[in-house]
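In my numbering, the protein residues as written are 65 to 194.
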């Protein structure tokens, strides 16, 4: 479980860094890296880190509930928006570049994947009595 938690924290840090760069771009008069509001994105990454750090407590209940909500929120929000922009070539003007759009999609896709794995492992440990 330790590797998954570490990768979820890496996701939060990489996502936060992406948003910090986006904020710096906006402050310098350039377009943000993605269509996502970078301040909102930074706040979501803080929530990701906070939820991830709850895993060892209360038999993982807060973690499972929190990550389930994050997966739903990110999946139908950021990931879907980035995917649609890339796939349909729509709203790409809201991104600094096509690689920036792909990077946003990959970062969040990785996070959702790690969230799903973490939930399954936590539930598996709970069911096996560990």
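Glycine included, each C-beta is placed from N, C-alpha and C at the ideal position.
Classification of residue i by the beta-carbon crowding that lies within 10 angstroms, buried from 16 upward
i           : result
residue 146 : buried
residue 66  : exposed
residue 97  : buried
Straight-line Cα distance separating residue j from residue i
i           : j           : result
residue 188 : residue 141 : 28 Å
residue 86  : residue 102 : 6 Å
residue 112 : residue 122 : 18 Å
residue 134 : residue 106 : 14 Å
residue 76  : residue 90  : 21 Å
Of the residues the options, the one placed nearest residue i, counting alpha carbons only
i           : options            : result
residue 118 : 193, 172, 182, 137 : 182
residue 191 : 77, 110, 70, 124   : 124
residue 99  : 165, 72, 193, 109  : 165
residue 93  : 160, 170, 169, 172 : 160
residue 130 : 170, 109, 70, 77   : 109
Same chain, Cβ closer than 7 Å to residue i, five either side skipped, listed in chain order
i          : result
residue 68 : 178, 181, 182, 185
6 Å CB neighbourhood of residue i in its chain, flanking five on each side removed
i           : result
residue 172 : 138, 142, 143
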